[in-house]
Structure formats: C-alpha cells, structure tokens
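First the structure, in the form of structure tokens, and then the observations on it.
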Amino acid sequence: MAEYRLDCLGEACPVPLLKTQKKFAGLNVGDVLIVEIDHSCAMKNVPEWARKEGHNVEIEETGDGEWEIYIEKAK
Amino acid sequence: MEKKIVDYDVAIIGGGAAGLTAGIYCGRARLKTIIFEKSLVGGLATYTDEIENYPGFAEPQKGIELMKKFEAQAKRFGVEFKLTDVKGVRVLEDGRKLVETFRVIYRVRALIIATGGKPRLTGAKNEEDFLYDKGISFCATCDAAYYTDKEVLIVGSGDAAIEEGLFLTKFARKVKVSVIHDAGTLDANKIAQEQAFANPKMEFIWNTMVEEFRGNERLETVILRNTKTEELIPVTVDGVFLFIGYLPNTEIFQGLITLDGRGYIKTNEQMETDVEGVYAVGDVREKYLRQVSTAVGDGAIAAVTAEHYISESNYLQNQLLAGEKPKLIYVWEPTKEDCRQLLPVVEELKVKFEDELVIEKIDVYKSQSLITKLCSKMPSALPAVITVEDGKVTSVVCQQLTPEKLHQLASDLLPG
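Listed below in structure tokens is the structure:
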C-alpha cells in the first residue's frame, strides 16, 4: 500500500498521461499514485483513462489551476 | 470499510454550465450544496475553443475561461466541490437521496442531475486501441498544439466538427474532414461552412465513414469507406478527432428514473424527473437545443424547484405533521370570494383554540404541491379543511363550509 508521486507540472498533453501510464504499470494493487498537474487538458484524459481501467480516482484542487490526481490501483 | 455518511441539502452531479448554474442558485438560496465533477470543472464547454453566442460577452470567450467564471461565482456562494465520480444513487423511504462516491456517501434532500454527455465513438475496427492519446481525440483545444505541422482527420460535419476543425488549421499542416453527406453538404452553421470551404488547409472527403483504425503504438492510418461506391480509402494521419455527437451519461440512473429511447432523462418544465426531489438539467435532459445558454436556464429552474421542494418538505414534516396538538388546515385561494369570507372565522378560531389546536392556512395559489403531498390529491372544491391528528390526515372537508361548520370541525378536534 505504498504511495508514489509523479510530478507533471508544466507538462502539456499527452505527456502527463503517458508518464502516468508508464509509472502506474510498475505499481502493486492497493498502491496510490498522486499525479501533480497544472495543464487542464490532463484533467480530462488522466482520470478518464484511470477509471476506464477500473481504478479509483479522486482529485484535489491544490491551487488555482493546479491539481493532484489520486489513483488507487484496484487490480 | 464502512463509508462515512455526510448530509447536504442539495447534491449536483456534474460541473458543467447547467450544474454550475444550479449551484449558483442553490448557494445563493443558502442551501448547503455540493457539486460532483469527475474531471475538469466546466464540462463540455471547456472542450470548445471559442464561444461566441453566450450572451453578455460581446467578444468571443475561451470555453475554459468562461466556465472558470461560472465556477468562481458558485464558490462565492459557498458551493462545495468534490472532484470524483459518482458510483450510484438511491432514494430512501423518507424521500432523501443517497449519492455514493469512492469513499463517502452523501445524504441529500434534493438531487440535480447535470451529467451531460460523452463523445460518441464510430464503432469502427480497432477504435479502442487508439483512445487516450494514442491518436484518437475528442478535444481540439486540448490536443491542437501537439499536432503542430502534422496532419489530422476530423470525422463529422456538425458545428463542433467544422468549428474545431477550423481551430486546428491554426496548428496542423492539413485538416481533412470525413463527411457522410454528398459533396458540398455539411451539418454545421453557414458561417462555419463558408470559412471551412475558403480555408486552403481544409480538405473534405465526401460520402465516407470510418471503416478501420490502423497503426502500431500510435494511430497511423484511417481506412474510410465510401458509402456509395464501397471503395476503401486509406488516409495517413497523425491523429483523428471525432465529432459525431454525444451520448447521455445516464447509466447509473437506469431503473431509477425514466429515460427516453436514446437514454436522455425525461423532465417537465420545472426540470422534475419522475422521482420526487430529483431533477435533470442541461445536455443530459431530453430537450431541443443543447447550448451553454439553454443549460443555464435549466440549472436556474431546477435549483428554484429544488428549493421549493425542500422548504415544503420541511414545513410538512416540521410543522404540519409534527407535534402532538391536532391541526386544522384551512385550504383557500385568494381570488375566490367564498374563500376570503371565511378567513376572519379561521383567525377567530386560531385565537379561541390557541392552547389546544394548531390552525394553519395554505394558499393553493402558492402551495398546490404542498397540499398534494399532504393528502395525495387536491380537495374537490375550495375552500376546504384538512384535519391532522397524530401526524396523519384524518379528514378532508370541502362541502358546505360555513362558519358554523368550521367551529364544529375545530370543536371535534379537541382532545378528550
């Protein structure tokens, strides 16, 4: 049940999603990946991809135009 | 793990134009309100580069900037936001609703559904393999920069397809458009059509549909099929944008609320669904025109309807059906002479039986739904008297109401 952080600040689509997918592949079930983003485009595809894959997702708005996407690996 | 339960007056599912407007109105009405949004607040409008027809802004607005203003306004009225998806909705016996998320269950008085739609897919071969930044996109504003000096194909010919296609020509080297119609026919508005036909970077491939997507890691080729000749046309691309309409996000409401044949939620003019205290607004609703400007109207109406519903439910539970004293409720309509004539008698009774009875007046003109909630249907004539004992309606009297009859009804209610 480890927690990992992925810094995607300053990165535009499709980079955050590609980095998330790569990092997530190495995680175990129950692990949480926190993806830090500040490009609104990543707010659309990163959560959508993760949910489609069956994982649990919650997002915190940490500042104006900055978010942390929490993805819990479900399988 | 038991999920935590928290109470709110109103839950709004979906943070697009309709949901945010409902939030603004609910927040301003001092209702404790929470909006659930599963990704970016702002909804479909954030997928639009420029919005030119939302009144109040003479100059074109970036979709995302306009929606940020909506969000800021909702926050100013104390509306809370939760950025997660809703897993399910249930209605409790007492009329409250449960909205379940990953960690928490929200228990609310009224629920406003503003879940909008999701882009429709072509259903062509291998489509799933190239979703999520592998070549198939639904958002020109999100991905345009990535396609600078590259070649893209648009599928569709409506407003979104042509307007976003025009936007893409600012970045891409070539924007091809697969159109199902005959040469020269587009579904988009005339202004967009004129601009598109005049734009040297745009090229139309008429009478075509997508047959197959091909590539390795990323999409490389789209095979189009000519619907008249059945000819297969391979188009080499760096990316494809699908603008072939939307499907309503209503899966989690199936079985709870009546949907139309295409999955949209049916409502009346007050945005009420067939479940009491549940409303639907914006693109998810069965309606004629899906625009920011129409979503805003829906949101305002639903919020006001929800506010009435909550205050009536409170009045019903905390006033009319609560407490030990028997109640005599005078149902009247201000425009009727015989209703008005009896008012002084009601006031007189109120003073006379102050200690023994609760005597209330309900104006039908303002509170018709309250009366139907109380005794399931309207009295057959007015004025009428409803009596409540032990929290239950015991009689509805609407014939030959005279001052004497009123006195008698009150006396009959006296304990002992």
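These protein sequence lines map, in sequence, to chains A and B.
The numbering of the first sequence is our numbering, which starts it at 59 and goes up by one.
The numbering of the second sequence is our numbering, which starts it at 931 and goes up by one.
Think of the CB as a built atom: it goes at the ideal place given N, C-alpha and C, for glycine as much as any other residue.
Return the Cβ separation of Lys1266 (chain B) and Leu1312 (chain B) in integer angstroms, given the expectation that the two are a contact with Cβ distance under 8 Å.
6 Å
Within the same chain, show all residues whose beta-carbon is closer than 6 Å to that of Ile916 (chain B), passing over the 5 residues directly before and after it, in chain order.
Residue 916 (chain B) is absent from the model: chain B starts at 931 and stops at 1346.
Residues bridged to Pro1178 (chain B) (per DSSP)
B:Gly1047.
Return the residue from the list B:Met1139, B:Cys956, B:Asp1117 that minimises the CA-CA distance to Arg1006 (chain B).
B:Cys956
Compute the distance between the beta-carbons of Glu1216 (chain B) and Tyr1194 (chain B), then report whether it is under 8 Å.
yes
Where Lys999 (chain B) meets chain A, residues with beta-carbon distance less than 9 Å
None at all; the shortest Cβ gap to chain A is about 13 Å.
Could you check whether the Cβ of Glu118 (chain A) sits closer than 8 Å to any Cβ belonging to chain B?
yes
In the DSSP assignment, the beta strand (DSSP E) including Asn952 (chain B) goes from what residue to what residue?
It should be pointed out that residue 952 (chain B) corresponds to Ala in this sequence rather than to Asn. That residue, Ala952 (chain B), is in no beta strand (DSSP E); its alpha helix (DSSP H) goes 947-958.
Among B:Ala1236, B:Thr978, B:Thr1014, B:Gln1184, which one has its Cα closest to the Cα of Phe1068 (chain B)?
B:Thr978
If you draw a straight line from the C-alpha of Asp1015 (chain B) to the C-alpha of Glu967 (chain B), how long is it?
6 Å
C-beta contact flag for Pro1345 (chain B) and Cys1328 (chain B) at 8 Å:
no
Determine whether the beta carbon atoms of Glu1001 (chain B) and Lys1017 (chain B) lie at a separation below 8 Å.
no
Beta-carbon within less than 7 Å of Met1201 (chain B)'s beta-carbon, same chain only, minus the 5 sequence neighbours each way: which residues are those?
Tyr1209, Ala1210, Val1211, Asp1228, Ile1231, Ala1232, Thr1235
Short CB-CB distance (under 8 Å) between Cys66 (chain A) and chain B:
no
Through-space distance from Ile1066 (chain B) to Pro72 (chain A), alpha-carbon basis:
The alpha-carbon atoms of Pro72 (chain A) and Ile1066 (chain B) are separated by roughly 12 Å.
Closer than 9 Å by beta-carbon distance: list the chain B residues that pair up with Lys102 (chain A), in chain order.
Per Cβ cutoff of 9 Å: Ser969, Leu970, Thr976, Tyr977, Phe1068, Cys1069, Cys1072.
In whole angstroms, give me the CA-to-CA distance for Arg905 (chain B) and Pro1178 (chain B).
No answer is possible for residue 905 (chain B): it lies beyond the span of chain B, which begins at 931 and ends at 1346.
Members of the segment 77-98 of chain A that neighbour chain B once the beta carbon cut-off is set at 7 Å:
Ser98
Counting only beta-carbon atoms, is Thr1014 (chain B) nearer than 8 Å to chain A?
yes
Along the alpha helix (DSSP H) that carries Tyr1245 (chain B), what are the first and last residues, could you check?
1222-1245
Touch test, the segment 1031-1045 of chain B against the segment 939-949 of chain B, Cβ-Cβ under 8 Å, three pairs minimum
Yes, the segment 1031-1045 of chain B touches the segment 939-949 of chain B.
Do Glu126 (chain A) and Glu94 (chain A) come within 8 Å of each other at the CB atom, strictly closer than that value?
Yes, Cβ-Cβ distance for Glu94 (chain A) and Glu126 (chain A) is below 8 Å.
Can you give me the Cβ contacts of Asp1168 (chain B) inside the same chain, cut-off strictly under 7 Å, excluding the 5 residues immediately before and after it?
Tyr1077, Lys1080, Glu1081, Val1082
Cβ shell of Ala100 (chain A) (< 7 Å), same chain only, five flanking positions each side left out:
Cys66, Cys71, Pro74, Leu75
From the DSSP output, read off the bridge partner residues of Ile127 (chain A).
A:Val93, A:Ile117
Span separating the alpha-carbon of Leu1022 (chain B) from that of Leu1028 (chain B):
7 Å
Beta-carbon proximity list for His113 (chain A), same chain, < 7 Å, skipping 5 on both sides:
Ile129, Glu130, Lys131, Ala132
Assuming contact is defined by CB atoms lying nearer than 8 Å, are Pro1256 (chain B) and Leu1336 (chain B) in contact in what I supplied?
For the pair Pro1256 (chain B) and Leu1336 (chain B), the CB atoms are not nearer than the 8 Å cut-off.
For a test of the three-state rule: what should DSSP assign to Pro1164 (chain B), helix, strand or coil?
strand
So, are the CB atoms of Val1019 (chain B) and Val936 (chain B) less than 8 Å apart?
no
Assuming Tyr938 (chain B) is part of the beta strand (DSSP E), what are its boundary residues?
Residues 934-943.
How many angstroms separate the CA atom of Glu118 (chain A) from the CA atom of Ile964 (chain B)?
15 Å
From B:Ile1163, B:Ala1128, B:Leu1061, residue whose alpha carbon lies closest to that of Val1170 (chain B):
The option with the nearest alpha carbon to Val1170 (chain B) is B:Leu1061.
Span separating the alpha-carbon of Leu970 (chain B) from that of Leu996 (chain B):
13 Å
Where does Asn1156 (chain B) sit, in a helix, a strand or coil, going by DSSP?
Three-state result, Asn1156 (chain B): strand.
State the Cα-Cα distance for the pair Gly121 (chain A) and His1111 (chain B), rounded to the nearest angstrom.
46 Å
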